[in-house]
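K.L.:
Residue numbers (the working numbering): 1432 to 1624.
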């Protein structure tokens, strides 16, 4: 969803929230290091905390009074993060992701730019596109970002690439400035355009 973390009214009443870095105000959500890569996970409810503890085979997370419920985890978020980090560090990235996904814990790998470029999923969904140039009839070297938001209905606009210098002059002269073909010929004759 596309919404603010805090309600506008709360911000007005209480002032700007303190910066928290990688520590979320909603519990031990954040980035964690595995043996061979980083992952991001979200744990904001008691149910998710239970699933996380089962995924990591750590029943002590449920028994610890510092983490017994949402309020306790929020107060002790740094301790909760440290405990999750200690446990996650024992797994490879793939193993951690598989376990977390198996227990329906929201998670994702933190990818490098190279990993994103090589992931076919991003190409298939149009998040990455071949670099286009308006003056060429084929893609050029490079990669462009696709339209950032996808909806279930409707087509996305077709990308044409960056325009060449003066490519849209005629449209601008005619539509925006109201010039006629005769006006354009005269301006060209006088070396104005």
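From the three backbone atoms N, C-alpha and C, an ideal C-beta is built for every residue, glycine too.
Give every residue of the same chain whose Cβ lies closer than 7 Å to the Cβ of residue 1477, excluding the five residues on either side of it in the sequence, and list them in chain order.
P.N.:
Here the set comprises 1500, 1501.
K.L.:
For the alpha helix (DSSP H) holding residue 1481, just list the boundary residues, first then last.
P.N.:
That run of the alpha helix (DSSP H) goes 1477-1486.
K.L.:
Am I right that residue 1563 and residue 1592 are in contact with their C-beta atoms under 8 Å? What's the rounded C-beta distance?
P.N.:
Correct: roughly 3 Å between the Cβ atoms.
K.L.:
According to the neighbour-count rule (16 or more other Cβ atoms, all chains shown, within 10 Å of its Cβ), is residue 1507 buried or exposed?
P.N.:
Result: buried.
K.L.:
Only counting the same chain, and skipping five residues up and downstream in sequence, which positions put a Cβ closer than 8 Å to that of residue 1581?
P.N.:
Hits under 8 Å: 1556, 1557, 1587.
K.L.:
Note down, in chain order, each residue of its chain lying with its Cβ closer than 7 Å to the Cβ of residue 1482, except the 5 sequence neighbours on either side.
P.N.:
Taken in chain order, the residues that qualify are 1534, 1535, 1536.
K.L.:
Buried or exposed: which applies to residue 1465, given that a residue is buried once 16 or more other Cβ atoms fall within 10 Å of its Cβ?
P.N.:
The residue is buried, with at least 16 neighbouring Cβ atoms inside 10 Å.
K.L.:
How would you call residue 1519, buried or exposed, if buried means at least 16 neighbouring beta carbons within 10 angstroms?
P.N.:
Buried, since its Cβ has 16 or more Cβ neighbours within 10 Å.
K.L.:
Please identify the residue among 1495, 1497, 1496, 1474 whose C-alpha is closest to the C-alpha of residue 1486.
P.N.:
Of the listed residues, the one whose Cα sits closest to residue 1486 is 1474.
K.L.:
Between the alpha carbons of residue 1471 and residue 1521, how many angstroms are there, rounded?
P.N.:
For residue 1471 and residue 1521, the distance between alpha carbons rounds to 16 Å.
K.L.:
Residue ranges of each beta strand (DSSP E) run of no fewer than 3 residues wholly in the stretch 1495-1542, ordered along the chain?
P.N.:
Counting whole runs of 3 or more residues, the stretch 1495-1542 contains the beta strand (DSSP E) stretches 1538-1540.
K.L.:
Can you tell me the Cα-Cα spacing of residue 1467 and residue 1543, whole angstroms?
P.N.:
Residue 1467 and residue 1543: Cα-Cα distance of roughly 13 Å.
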